[in-house]
Each structure stands twice: as C-alpha cells, then as structure tokens.
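The next block holds one structure in the form of structure tokens; read it before the comments.
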Amino acid sequence: MAHILEDESLNSISVISFRRAKKLMEYFQRNMFDLIDKEQDKELKRICKTTEKYDWYTSLEEQFRTHEAKELLQSIREVSATESTSNDATDRTTVRWLNDDILFEKLSQGLYRKKF
35 MAHILEDESL NSISVISFRR AKKLMEYFQR NMFDLIDKEQ DKELKRICKT
85 TEKYDWYTSL EEQFRTHEAK ELLQSIREVS ATESTSNDAT DRTTVRWLND
135 DILFEKLSQG LYRKKF
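Below is the structure:
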C-alpha cells in the first residue's frame, strides 16, 4: 500500500487519458447544444399552444414587419385550410399574436423581433 501512495504516476495523466477526456468533452459540448435546442423548441411549442401558431412563428424572419406576418399567416391558412378564412380574421389573429410579449419585441411602429 505504501508503494502505491509513493507512485508518481498517480499525480499525472497519460496522453491516452487526456485524449479520451478531450473526446468526451467535445461529445458533451456538441450534444449540449442539441439538447438546449430541443428544450427551447418544446418550450416554444408550449407557449404557442397550436400547430398553426408554432408553424407561423418558426416561419417568420428574426425581424419583420406586421404586413409580412399577416401575409405569412394567410398563406399558411390557405395551404392547410379546408374552408376559407377571411382576411379580417387573419389580420385580427396576427395582431393578437404579435401582442404576445413572451414571443415578440416591438421595435417600432409595425416592426417586430422574435425572442425565441
């Protein structure tokens, strides 16, 4: 037992162990970002509550104007709807969704930025 405590190899790390530790660290770094992205996506889906709102939000540019958001929602509704939705209803929905301060930051009149 006394021989093990006096062994200098216990106070150093081998090149092989260092390389293995480095590979392990790189693996966790890569997967950490994937895990964070997945958690953010789950949170975004929870906040959006509907598939339509989630699809619309994820399709928006990082920064956009109100008319772009309205046009995007109208096109999503045209592709997925079995019945026609009026432009007024789409406009009201867009304005209501843009007032969600968890998802959006209003930069100026008619200009918004996504928070997620």
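For any residue, its number in our numbering is found by taking its place in the sequence shown, counting from 1, and adding 34. No residue lacks a Cβ here, since even glycine has one placed at the ideal position from N, Cα and C.
Margin query: Assuming F138 is part of the beta strand (DSSP E), what are its boundary residues?
Written below: Numbered from 1 along the sequence shown, position 104 holds the residue referred to as residue 138. F138 to S142 is the span of the beta strand (DSSP E), which, as asked, contains F138.
Next item on the list: For Q97, collect the residues of the same chain with a Cβ closer than 6 Å to its Cβ; drop the 5 residues on either side in sequence, then sort them by chain order.
Entry: Mapped onto the sequence shown, residue 97 falls at position 63. Same-chain partners within the cutoff: R147.
Note to self: Quick check on DSSP: helix, strand or coil for K148?
What the structure shows: Along the sequence shown, read from residue 1 onward, the residue named residue 148 stands at position 114. In the three-state reduction of the DSSP assignment, K148 falls in the strand class.
Next item on the list: Just the C-alpha distance for N133 and Q63, rounded to the nearest angstrom, thanks.
Entry: Here residue 133 refers to the residue found at position 99 when the sequence shown is read from its first residue. Here residue 63 refers to the residue found at position 29 when the sequence shown is read from its first residue. As the crow flies, the alpha-carbon of N133 is around 36 Å from that of Q63.
Item checked: Member of S46, I47, A123 and C82 whose CA lies at the smallest distance from the CA of I136 -> Translated into the one-based positions of the sequence shown, residue 136 becomes position 102. If we check each option's Cα against that of I136, C82 comes out closest.
Next item on the list: Report buried or exposed for Y61, applying the criterion of at least 16 other Cβ atoms within 10 angstroms of its Cβ.
Entry: Along the sequence shown, read from residue 1 onward, the residue named residue 61 stands at position 27. Result: exposed.
Check: What is the rounded straight-line gap between the Cα of Y88 and the Cα of L107?
Finding: On the sequence shown, position 54 is the one that residue 88 refers to. On the sequence shown, position 73 is the one that residue 107 refers to. L107 has its alpha-carbon roughly 11 Å from the corresponding atom of Y88.
Notebook entry, point to check: Do F138 and L78 have their C-beta atoms closer together than 7 Å?
Noted result: Working through the sequence shown from its first residue, we reach residue 138 at position 104. Working through the sequence shown from its first residue, we reach residue 78 at position 44. Not in contact: F138 and L78 (Cβ atoms no closer than 7 Å).
Item checked: Segments assigned beta strand (DSSP E), at least 3 residues, entirely inside the stretch 86–125 -> With a minimum length of 3 residues, the continuous beta strand (DSSP E) runs that stay inside the stretch 86–125 are 97–99.
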